[in-house]
Amino acid sequence: MQLPDAVIVLAGGTAKRLGGVSKPDYKIGNARLIDIVLDEIDRTGFDGRIVVVAPSELAVREGVELTLEDPPYGGPLAGLAAGVAALKDLPGSAIVALMTCDAPLSPRLWGELCSKIDEAQASVPVPKDARAWPQFLHGCYRLATLREVPAERNGSIRHGFAALEPVKVVDRNWYCMDVDTPADAEELAVRLGARLV
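Residue numbers (this note's numbering): 30 to 226.
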């Protein structure tokens with residue numbers, strides 16, 4: 030299975046509907062969301078660079094790079110730009126996966142996404158509902174393509190990625206589900222086989 034060369038995890042948000050804690054620190058059972066993310070990445074066999082865009086106070090394991098847009102809380106496009114800047118030593122041909130800390134199952138799509146990357150400069154998951162928007166923040170991209178995404182503070186993802194014509198991969202199992210509410214957290218716990226305590 031082809032895997033990306035690097036992954037950028039956007040993890041700088043707060044979980045207002047989950048009690049206001051730092052979203053990557055929100056716990057599902059006994060595991061923080063960021064720990065579940067890293068475990069799901071490991072399960073793919075990935076051995077490349079991991080860049081987490083989050084405040085420096087976030088505890089992550091050795092080998093994971095932390096970075097953050099300056100000033101912080103600039104929105105996903107500014108966070109993405111900070112993550113891309115951290116990979117400045119990689120060639121433009123490198124494949125980079127994007128993900129958010131509140132959608133930890135998305136690495137399960139990497140094999141299919143990476144297999145399509147030669148057809149375009151990007152491949153992104155789309156929900157089964159064709160009317161839904163592509164999940165740009167869970168796609169795989171050539172790094173050169175990500176370097177062209179505007180680094181707008183508080184800019185919208187749809188606008189930032191509007192010029193792209195990615196290959197679309199149907200997310201049949203909804204691996205891009207995100208955890209925004211306690212009900213979402215319970216659903217993720219069931220999917221992981223964990224129990225909220």
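Idealized CB from N, CA, C, for every residue including glycine.
query	result
Since Arg5 and Glu98 are thought to touch, with beta carbons under 8 Å apart, how far apart are those beta carbons, to the nearest angstrom?	Absent from the structure is residue 5, since the part of the chain shown begins at 30 and ends at 226.
In the DSSP assignment, what residue or residues form a beta bridge with Leu127?	Ile37
Does the distance from the C-beta atom of Gly41 to that of Val80 stay below 7 Å?	no
My parser needs the alpha helix (DSSP H) runs of 4 or more residues fully inside the region 182-221; what are they?	186-189 and 211-221
Who are the near neighbours of Val89 in its chain, counting only those whose CB is closer than 7 Å to its CB and skipping five residues on each side?	Ile63, Val81 and Leu95
Beta-carbon separation of Asp207 and Pro156 under 7 Å?	no
Looking at the unbroken beta strand (DSSP E) that takes in Ile79, where does it start and where does it end?	Arg78 to Val82
Could you tell me the distance, in whole angstroms, from the CA atom of Leu166 to the CA atom of Leu127?	5 Å
Determine the direct distance from the alpha carbon of Ser51 to that of Glu86, and round the result to whole angstroms.	10 Å
Decide if Glu91 is buried, meaning its Cβ has at least 16 other Cβ atoms within 10 Å, or exposed.	exposed
List the residues that DSSP assigns as beta-bridge partners of Lys56.	Arg61
Identify which residue in Glu141, Lys197 and Asp209 has its Cα closest to the Cα of Cys130.	Asp209
Helix or strand or just coil, what does DSSP make of Arg237?	With the chain running from 30 to 226 in the structure shown, residue 237 is simply not present.
Could you check what DSSP says for Glu94 in three-state terms: helix, strand or coil?	strand
Name, in chain order, the residues that DSSP records as bridge partners for Ser152.	Cys169 and Val196
Trp139: buried (16+ other C-beta within 10 angstroms of its C-beta) or exposed?	buried
Using the three-state DSSP reduction, which class does Ser144 fall into: helix, strand or coil?	helix
Could you tell me how far apart the beta carbons of Gly121 and Ala173 are, in whole angstroms, since I believe they sit closer than 8 Å?	3 Å
With 16 as the cutoff for other CB atoms within 10 Å, does Ser185 come out buried or exposed?	exposed
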